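See structure below.
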Amino acid sequence: PLATRRGAQASAVLACAMWGKNSANVTDTTAISVHGTNPQNLVEKILRSKIYNHAYWKEHCFGLTAESLVDKAMELDTVGGTFGGIREPSHFIQLTLKMLQIQPEKEIVLEFIKNEDYKYVRALGAFYLRLTGRPAEVFQYLEPLYNDYRKLRRRLASGEYCLVHVDELVDELLRDEYVFDLALPHLPKRHTLVASGLLTGPRRSALEEDLNELIAEEEAAEAAAKAEAKAAAKAAAKEQKAAAEAAAREKEAAAA
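What follows is the structure, encoded as structure tokens:
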């Protein structure tokens with residue numbers, strides 16, 4: 021049937037775009053498979069096609085390297101997947117696909133995540149690591165971001181905006197199976213990774229650390245107060261003894 025032939029032709033065109041016949045869309049030849057597939061396959065075919073045909077991809081993503089991508093990431097002012105009636109891909113999701121295409125070194129991705137100056141760079145790095153990372157390293161590098169309470173603008177499917185905090189986004193990445201219109205790879209429960217020895221112990225929150233510091237400060241203050249009281253009592257006893265000895269000497273002098 022004609023529809024079947026057209027569907028096959030479209031699939032062939034998209035496959036060529038991913039595997040080398042279109043230099044703008046081909047996956048880097050040095051990239052390794054992620055979760056057993058071409059990294060770009062982590063983005064569904066329909067969404068990939070929309071991104072490849074989007075003006076932002078053609079004008080701003082062509083020729084980007086791992087180094088120059090940082091500059092584009094610094095220009096982000098929203099997070100999100102697709103929006104509007106035609107489900108237009110956001111700049112955020114397009115840069116995510118670009119990262120999947122060029123597969124930057126792990127050290128670069130971690131620098132994205134550790135970046136405290138540009139919160140959208142951090143969000144992009146966290147989302148990319150959630151898509152491509154091993155479960156243990158996903159927890160290892162994303163859990164510290166629970167301490168980041170900065171606000172992000174999120175583009176909703178309706179095209180409207182809402183505010184979300186970085187720690188809320190991280191929690192979503194670690195708990196949900198579908199974020200920013202992408203199906204996330206399966207992530208085992210944290211306790212499963214702890215039981216298998218891939219993670220050590222429960223997650224330590226910033227509140228727990230603050231509580232431990234507060235307890236330590238209170239214990240130190242209590243110890244200092246006890247030491248001060250002990251010193252004061254010792255001084256008072258010494259004064260009392262000196263006064264008694266002086267009184268005894270006066271009494272002896274009066275008797276003589």
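Per our numbering, the sequence shown runs over residues 21 to 276.
Where is the CB? At the ideal position from N, CA and C, for every residue including glycine.
Here the structure is a predicted model, which means the values were calculated and not measured.
Quiz prompt | CB-CB length for Met119 against Leu89, believed under 8 Å | solution = Numbered from its first residue, the sequence shown carries residue 119 at position 99. Numbered from its first residue, the sequence shown carries residue 89 at position 69. The pair is a contact, with the Cβ atoms about 7 Å apart (cut-off 8 Å).
Practice problem: Quickly, what does DSSP pair Lys171 with across the bridge? List them, please. | Solution: If you number the sequence shown from 1, residue 171 lands on position 151. Lys171 pairs with His185.
Practice problem: Would you kindly report the start and end of the unbroken alpha helix (DSSP H) that includes His111? | Solution: The residue you call residue 111 lines up with position 91 of the sequence shown. Note, His111: alpha helix (DSSP H), His111 to Ile122.
Quiz item: Any idea if Ala93 is buried or exposed, counting beta-carbon neighbours within 10 angstroms, 16 or more meaning buried?
Solution: The residue you call residue 93 lines up with position 73 of the sequence shown. Buried, since its Cβ has 16 or more Cβ neighbours within 10 Å.
Exercise. Would you kindly check if the distance between the Cβ of Gln123 and the Cβ of Ala240 is under 8 Å?
Key: Here residue 240 refers to the residue found at position 220 when the sequence shown is read from its first residue. Here residue 123 refers to the residue found at position 103 when the sequence shown is read from its first residue. No, the pair does not count as a contact, with Cβ atoms beyond the cut-off.
Self-check item: Selection from Asn58, Leu62 and Val46 that minimises the alpha carbon distance to His206
Solution: Here residue 206 is taken as the residue at index 186 of the sequence shown, counted from 1. Just measuring C-alpha positions, the residue of Asn58, Leu62 and Val46 sitting nearest His206 is Leu62.
Exercise. Per DSSP, which residues does Glu108 bridge with? Please list them.
Key: Against the sequence shown, residue 108 aligns to sequence position 88. The secondary-structure analysis by DSSP pairs Glu108 across a beta bridge with Phe103.
Quiz prompt | Cβ neighbour criterion (16 or more within 10 Å) applied to Arg269 | solution = If you number the sequence shown from 1, residue 269 lands on position 249. Exposed, because fewer than 16 other Cβ atoms sit within 10 Å of the Cβ of Arg269.
Quiz prompt | The alpha helix (DSSP H) enclosing Gln160, as first and last residue numbers | solution = On the sequence shown, position 140 is the one that residue 160 refers to. First-last of the alpha helix (DSSP H) with Gln160: Pro155 to Leu162.
Quiz item: If we count the other Cβ atoms within 10 Å of its Cβ and call it buried at 16 or more, is Ile133 buried or exposed?
Solution: Position 113 of the sequence shown, counting from 1, holds the residue named residue 133. Classification for Ile133: buried.
Quiz item: Quick one: what does DSSP say Ala215 is sitting in, helix, strand or coil?
Solution: Reading the sequence shown from its first residue, position 195 is the one you call residue 215. Of the three classes helix, strand and coil, the one that applies to Ala215 here is helix, per DSSP.
Practice problem: Report the option in Lys209, Tyr161, Asp168 and Thr98 whose CA atom is closest to the CA atom of Cys13. | Solution: Because the chain is modelled from 21 through 276, residue 13 falls outside the range shown and cannot be assessed.
Self-check item: Nonlocal neighbours in the same chain, by C-beta distance under 8 Å from Lys271, ignoring five residues either side
Solution: Here residue 271 refers to the residue found at position 251 of the sequence shown. Closer than 8 Å at the Cβ level, and outside the excluded window around Lys271, lies no residue.
Practice problem: Take Glu192 and list the residues in its own chain whose beta-carbon comes closer than 7 Å to its own, dropping the five residues that flank it on each side. | Solution: Position 172 of the sequence shown, counted from the start, is the residue given in the question as residue 192. Result list for Glu192: Val199, in chain order.
Practice problem: Identify whether Val54 lies in helix, strand or coil by the three-state DSSP scheme. | Solution: As a working note, residue 54 is residue 34 in the sequence shown. Val54: strand per DSSP, three-state reduction.
Quiz prompt | Strand pairing of Val199, partner residues [DSSP] | solution = Numbered from 1 along the sequence shown, position 179 holds the residue referred to as residue 199. Val199 is bridged to Leu202.
Quiz item: Taking the C-alpha atoms as reference points, what is the distance between Phe82 and Leu219?
Solution: For the purposes of this step, residue 82 is taken as the residue at position 62 of the sequence shown. For the purposes of this step, residue 219 is taken as the residue at position 199 of the sequence shown. Cα to Cα, Phe82 sits roughly 39 Å from Leu219.
Self-check item: First through last residue of the alpha helix (DSSP H) which encompasses Lys134
Solution: Along the sequence shown, one-based indexing puts residue 134 at 114. First-last of the alpha helix (DSSP H) with Lys134: Lys126 to Lys134.
Quiz item: Looking at the unbroken alpha helix (DSSP H) that takes in Asp91, where does it start and where does it end?
Solution: Mapped onto the sequence shown, residue 91 falls at position 71. Counting along the chain, the alpha helix (DSSP H) containing Asp91 begins and ends at Ala86 to Met94.
Quiz item: According to DSSP, is Ser178 helix, strand or coil?
Solution: Stepping through the sequence shown from its first residue, residue 178 is reached at position 158. Correct three-state label for Ser178: coil.
Practice problem: Answer yes if the stretch 62 to 74 comes into contact with the stretch 103 to 119, meaning at least three C-beta pairs across the two stretches below 8 Å, and no otherwise. | Solution: yes
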